[in-house]
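Below is one structure, written out as structure tokens; the observations come after it.
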Amino acid sequence: MVRKNIALLMLYLSTFTFLAETSFAQTEEDAETKYQTTEAAKVTKEITPTQASKTDNKWSVGINMSAFQGFDNNSSLDSSRRDDTFTEGTFSLDTDYKISDDSRLKLRYDAADITYWHYTDASLLDNATGAGFEKDLSDNLIFYIGYEFEDLYYPNNEFGNYLGNSGEISLKHIINKTLYQKAGFEYLNKGYSETRARDAAGNKTHHRGDNRYTGKYEIGARFEKFMIKLKNTYYSNDSNDKYMDYYDYNSYKTAITVIYLITKRCYAYANSGYEFKDYNDRTVLDKDEKQNDNVWTLNCSLLYELTKSVSMGVNYSYRQNSSNDDALEYAGGLVSAGLYYTF
């Protein structure tokens, strides 16, 4: 069972970036990086996927849940390095409907609740609902098109709240029994409910909205006890905030994922990534140059299957931002442990 679960992780895992007005950009953007690196529950959702329960020969339904406790030694993602404990819980529902032998309708709902007990600005609630259509174009080509609606809510940091609408299209090529590759494009619109965009003079105007255009490519290989995947992502973020084009930047991200089967029930997961952010016009205050950031991440998990439905895991994540703006540099790590359920 573990070997099958690891295979699904390799095929589907996507290795999901918070001070005064001048540092809010770091706050909001790096929340995405932080959220991805603390999502051990989503990692294990892919490692231990639901054993689908079929209501008939066309429908399959799966439920995944998790709960774990962790410690973050830099919960504010800045040089103050405020540490804190956090609790995270997740729930997901995945439904597939078989339209024909070569096409499927895919429906999904994901929810995550992260609670920080002292630095509450980092606490969040995330709800996402998605629908997609998948079709086998041939024995080794799979086409997918889908839509997702997301509601990201920070109870104590309303400036990060947004509603997201995204569309994705991709093509997966199964090269042989060992190799696969996948390429795709995604468009995402974020509508911020509490944050105001600014004009060229810095005056606040209407609500901020961002458009993100993303191209993705990944290639992976599976062996008997060892799996590896390389994923490359390029995206351009275009915001209606015109003050120094503060939220306009291009990003290149690369990440490598390795999974190793230790025993039939125990396996190790590691992911290492690098992202370069190049801001179009945002300048460093004490330097005559545009801002650029180098973000490094490392995620490791050791998981053990207690039963077919329950797994326990220990996770470690590290993230670091090296920027030419010294005020925005940070580094920090997280450790967590918990249980993961599949039904």
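Numbered according to mature numbering (1 follows the signal peptide of the UniProt record, and there is no 0), the sequence shown spans residues -20 to -1, 1 to 323.
We treat Cβ as the ideally placed atom computed from N, Cα and C, and that holds for glycine.
No experiment lies behind these values; they were computed from the predicted model shown.
DSSP-derived helix/strand/coil call for residue i
i, result
"Glu204", "coil"
"Asp64", "strand"
"Tyr223", "helix"
"Ala102", "helix"
"Gly182", "coil"
"Phe113", "strand"
"Asp306", "helix"
"Phe165", "strand"
"Glu198", "strand"
"Thr322", "strand"
Per-residue burial, residue i [other beta carbons within 10 Å of its own, 16 or more giving buried]
i, result
"Tyr232", "exposed"
"Thr185", "exposed"
"Lys211", "buried"
"Ser55", "buried"
"Ile239", "buried"
"Tyr134", "buried"
"Glu285", "buried"
"Lys205", "exposed"
"Asp221", "buried"
"Val275", "buried"
"Ile242", "exposed"
"Gly293", "buried"
"Arg299", "buried"
"Thr158", "exposed"
"Thr213", "buried"
"Lys288", "exposed"
"Ile94", "buried"
"Tyr254", "exposed"
"Leu283", "buried"
"Lys170", "buried"
Inter-residue CB distance, residue i and residue j (contact presumed, cutoff 8 Å)
i, j, result
"Gly312", "Leu57", "7 Å"
"Asp38", "Lys78", "Strictly speaking, residue 38 in this sequence is Lys, with Asp absent from that position. The pair is a contact, with the Cβ atoms about 4 Å apart (cut-off 8 Å)."
"Tyr142", "Tyr172", "5 Å"
"Tyr223", "Asp179", "7 Å"
"Leu249", "Ser219", "According to the sequence provided, residue 249 is Tyr. The question's Leu does not apply to it. Their Cβ separation, rounded to whole angstroms, is 34 Å, which puts Tyr249 and Ser219 out of contact at 8 Å."
"Gly144", "Glu130", "4 Å"
"Phe51", "Thr65", "5 Å"
"Asp268", "Lys257", "The Cβ separation is near 19 Å, so there is no contact."
"Ser146", "Tyr167", "6 Å"
"Ser83", "Lys115", "4 Å"
"Thr75", "Val41", "5 Å"
"residue 340", "Thr237", "Because the chain is modelled from -20 through 323, residue 340 falls outside the range shown and cannot be assessed."
"Gln271", "Asn304", "6 Å"
"Glu128", "Gly110", "4 Å"
"Leu117", "Phe123", "5 Å"
"Ser46", "Leu319", "7 Å"
Residues bridged to residue i (per DSSP)
i, result
"Ile236", "Leu210 and Ser252"
"Gln49", "Thr67 and Ala317"
"Tyr127", "Ala111 and Gly147"
"Arg176", "His187"
"Leu159", "Ala201"
"Val275", "Glu255 and Asn301"
"Leu265", "DSSP output for Leu265 lists no bridge partner at all."
"Asp228", "DSSP output for Asp228 lists no bridge partner at all."
Ignoring anything shorter than 3 residues or poking outside the region 282 to 306, list the beta strand (DSSP E) runs there in chain order.
Segments of the beta strand (DSSP E) lying fully in the region 282 to 306: 290 to 303.
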